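Enquirer:
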Amino acid sequence: MIKDIRNIVMLTGAGISAESGLATFRGPDGLWEGHRVEDVCTPEALARHAELVHRFYDERRAKLAEVHPNAAHEALAALDRAWDGDLLIVTQNVDDLHERAGARRLLHMHGELRSALCADCGKAVAWADPLPPQSVCGGCARPSLRPDIVFFGEMPYEMDRIDAALRDADLFVSIGTSGAVYPAAGFVQTARHVGARTLELNLDPSAGSFYFEESRMGPASKLVPELVRELLG
1 MIKDIRNIVM LTGAGISAES GLATFRGPDG LWEGHRVEDV CTPEALARHA
51 ELVHRFYDER RAKLAEVHPN AAHEALAALD RAWDGDLLIV TQNVDDLHER
101 AGARRLLHMH GELRSALCAD CGKAVAWADP LPPQSVCGGC ARPSLRPDIV
151 FFGEMPYEMD RIDAALRDAD LFVSIGTSGA VYPAAGFVQT ARHVGARTLE
201 LNLDPSAGSF YFEESRMGPA SKLVPELVRE LLG
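Quick note: the sequence shown, position 49, residue 49 per the numbering used here, numbers continuous.
#1: For Asp168 and Asp86, which I take to be in contact (beta-carbon distance under 8 Å), what is that distance rounded to the nearest angstrom?
#2: How is Thr42 classed by DSSP in three states: helix, strand or coil?
#3: Taking the alpha helix (DSSP H) that Pro225 falls in, what are its first and last residues?
#4: Thinking Arg142 and Asp120 are a contact (beta carbons under 8 Å), I'd like their distance in whole angstroms, please.
#5: Can the beta-carbon of Leu76 be found closer than 8 Å to that of Val194?
#6: Between the alpha carbons of Asp58 and Lys3, how many angstroms are there, rounded?
#7: Only counting runs of 3 or more residues, tell me where the beta strand (DSSP E) segments fall wholly within the region 86-123, in order along the chain.
#8: Thinking just about the alpha-carbon of each residue, which of Thr12, Ala82, His98, Asn7 is nearest to the one in Ala185?
#9: In angstroms with no decimal places, state the Cα-to-Cα distance between Val181 and Glu214.
#10: Considering just the uninterrupted stretch of the alpha helix (DSSP H) at Arg161, what are its terminal residues?
#11: Taking all protein chains shown into account, do 16 or more other C-beta atoms lie within 10 angstroms of the C-beta of Phe187, making it buried, or fewer, making it exposed?
#12: With 16 other CB atoms within 10 Å as the buried threshold, where does Asp148 fall?
#13: Could you check which residue in Pro69, Glu19, Leu201, Glu230 has the C-alpha nearest to that of Glu99?
#14: Exposed or buried, which one is Arg97 when buried takes at least 16 other CB atoms within 10 Å?
#15: Look at the alpha carbon of Ala45 and the alpha carbon of Gln189, and state the distance between them as a whole number of angstroms.
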């Protein structure tokens with residue numbers, strides 16, 4: 001696995017944080033308060049039911065205080081510190097467990113719970129408290145702050161940077177993802193197209209498992225530290 005590898009892209013999904021106690025979008029525990037994801041994670045839901053959407057993310061933000069990074073987060077942070085090639089950890093997760101473990105070469109493609117976004121001027125600010133509807137933006141002074149979450153139907157963040165990293169990658173690893181949410185589900189195909197090795201780490205095969213050269217099944221807290229030890233020799 002490690003021969004001739006210098007540039008790495010790691011994609012992490014909800015499965016890596018599930019072991020820390022955060023519920024996933026999909027699967028039997030993938031609903032909150034009996035709502036469908038579509039009821040709390042679309043621009044239309046925000047327009048129709050702003051209080052519900054804001055409260056939903058307030059509760060998820062508060063939940064972060066009760067959980068901690070697990071061995072998988074810690075292992076990726078260790079890889080970040082030690083790897084002398086290019087490394088980009090792209091997470092679909094909106095929690096801050098990668099940062100709290102110490103990862104720095106990190107990109108949140110779907111936004112962050114501990115951030116607020118102004119719907120008018122586009123300014124994002126760190127936010128740890130409840131975020132009521134009509135909260136005022138410190139930049140433009142409009143009552144337009146919303147959760148800094150990429151809703152279904154919106155463009156994920158920094159896609160150009162992700163695409164460039166994938167096209168330079170020698171190894172692409174997907175960790176704890178469903179393989180059902182695009183564009184992230186298509187990253188493996190981009191990586192394969194440029195000749196990168198591809199590896200999936202997951203509890204169960206994802207919807208896109210057949211695209212990967214290799215799949216290893218098991219908990220992220222076991223598989224990720226094993227892979228990092230392999231990569232670091």
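Glycine included, each C-beta is placed from N, C-alpha and C at the ideal position. Treat the numbers as computed from the prediction; the structure is a model and nothing was measured.
Expert: From the atom records:
#1: As a working mapping, residue 168 is identified with position 168 in the sequence shown. As a working mapping, residue 86 is identified with position 86 in the sequence shown. The pair is a contact, with the Cβ atoms about 7 Å apart (cut-off 8 Å).
#2: In the sequence shown, counting from the first residue as 1, residue 42 sits at position 42. In this structure, Thr42 counts as coil in the three-state DSSP scheme.
#3: Taking the sequence shown and counting its residues from 1, the one referred to as residue 225 is at position 225. Note, Pro225: alpha helix (DSSP H), 220-232.
#4: As a position in the sequence shown, residue 142 is number 142, starting the count at 1. As a position in the sequence shown, residue 120 is number 120, starting the count at 1. Indeed they touch by this definition, with Cβ atoms about 5 Å apart.
#5: Residue 76 sits at position 76 when you count from the first residue of the sequence shown. Residue 194 sits at position 194 when you count from the first residue of the sequence shown. No, Cβ-Cβ distance for Leu76 and Val194 is not below 8 Å.
#6: Residue 58 sits at position 58 when you count from the first residue of the sequence shown. Residue 3 sits at position 3 when you count from the first residue of the sequence shown. So the alpha carbons of these two residues sit roughly 45 Å apart.
#7: Secondary structure in the region 86-123: the beta strand (DSSP E) runs of 3 residues or longer, each lying completely within the stretch, are 87-91, 106-108, 111-118 in chain order.
#8: One-based indexing of the sequence shown puts residue 185 at position 185. Closest option to Ala185, Cα to Cα, is Thr12.
#9: Along the sequence shown, one-based indexing puts residue 181 at 181. Along the sequence shown, one-based indexing puts residue 214 at 214. Each residue's alpha carbon lies about 20 Å from the other.
#10: Numbered from its first residue, the sequence shown carries residue 161 at position 161. That run of the alpha helix (DSSP H) goes 159-167.
#11: Position 187 of the sequence shown, counting from 1, holds the residue named residue 187. A residue is called buried once 16 or more other Cβ atoms fall within 10 Å of its Cβ, and Phe187 is buried on that count.
#12: Stepping through the sequence shown from its first residue, residue 148 is reached at position 148. So Asp148 counts as buried.
#13: Along the sequence shown, read from residue 1 onward, the residue named residue 99 stands at position 99. If we check each option's Cα against that of Glu99, Pro69 comes out closest.
#14: Here residue 97 corresponds to residue number 97 of the sequence shown, with the count starting at 1. The sequence as given places Leu at residue 97; Arg does not occur at that position. Leu97 is buried by the Cβ-count criterion.
#15: Locating residue 45 in the sequence shown gives position 45, counting from the first residue. Locating residue 189 in the sequence shown gives position 189, counting from the first residue. C-alpha separation (whole angstroms): 32 Å.
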